[in-house]
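Engineer:
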Amino acid sequence: MDVKVGDILTMKKKHPCGSERWQVLRIGMDFKLKCLGCGHQVMLPRSKAEKSIKSISRGEKPPVAKKRGMEK
Ligand SMILES: [Zn+2]
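Printed below as a string of structure tokens:
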């Protein structure tokens with residue numbers, strides 16, 4: 022799983038505040054994530070965090086960047 026600082030992760034499980042999007046603040050043994058809904062910050066072990074990621078979005082790229090063979 023290719024996660025970088027600044028990425029926005031969409032998680033499989035929603036935070037109690039209703040948001041499922043988290044910003045990556047720090048990466049190491051643990052990921053430090055900030056909930057984009059309420060600003061709550063958590064530390065998650067890398068293995069656990071990677072398991073709960075649904076998709077990653079980075080910069081202007083949409084979360085799902087599948088090629089459809091129709092690009093110019
Ligand atoms: Zn939250």
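Per the working numbering, the sequence shown starts with residue 22, numbered consecutively.
By construction, the Cβ of each residue, glycine as well, lies at the ideal position given by its N, Cα and C atoms.
In the DSSP assignment, find the alpha helix (DSSP H) that holds R42 and state where it starts and stops.
Structural biologist: It is not in any alpha helix (DSSP H) - R42 instead sits in the beta strand (DSSP E) that spans R42 to I48.
Engineer: In this structure, how does DSSP classify K33 when only helix, strand and coil are distinguished?
Structural biologist: coil
Engineer: Any idea which residues DSSP pairs D51 with across the strands?
Structural biologist: Its beta-bridge partners are P66.
Engineer: Report the three-state DSSP secondary structure of K72 (helix, strand or coil).
Structural biologist: helix
Engineer: Is there at least one non-hydrogen atom of ligand 1 closer than 7 Å to the beta-carbon of S73?
Structural biologist: Not one heavy atom of ligand 1 is found less than 7 Å from the C-beta of S73.
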